[in-house]
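A.B. asks:
In this note's numbering, the protein residues as written are 369 to 476.
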């Protein structure tokens, strides 16, 4: 696990908002018998190294990447400096998973 705390600001582009709006007002062309989705989705992904990516779902529920940013290291550290610079201990199951499979740094 990466012992850093990051902060980022991502502007959601107008095109992403339009995809989200359309996804709740238009049926998927591949499955016209199904009603349009009644909720819009925004997915925020965080990766080691401070990479942040944002996807929205279209009317067919496909994830479309709409933004990517590089976060900055948070100077106050974890928990905005309220934990004496320490991170909470991760559950043992998380540690075992990472030891077994590693972290896919190159996938983003």
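Backbone N, C-alpha and C fix where the C-beta goes; we use that ideal spot for every residue, glycine too.
Taking the continuous alpha helix (DSSP H) assigned at residue 468, which residues delimit it?
C.D. replies: That run of the alpha helix (DSSP H) goes 460–469.
A.B. asks: What would DSSP say about residue 438, mapped onto helix, strand or coil?
C.D. replies: Residue state, collapsed to three classes: strand.
A.B. asks: Please identify the residue among 472, 461, 408, 449 whose C-alpha is closest to the C-alpha of residue 389.
C.D. replies: Per the Cα distances, 408.
A.B. asks: Rounded to whole angstroms, what's the CA-CA distance from residue 404 to residue 431? Just pull it up for me.
C.D. replies: So the alpha carbons of these two residues sit roughly 16 Å apart.
A.B. asks: Who are the near neighbours of residue 471 in its chain, counting only those whose CB is closer than 6 Å to its CB and skipping five residues on each side?
C.D. replies: So the list reads 416, once near-sequence residues are dropped.
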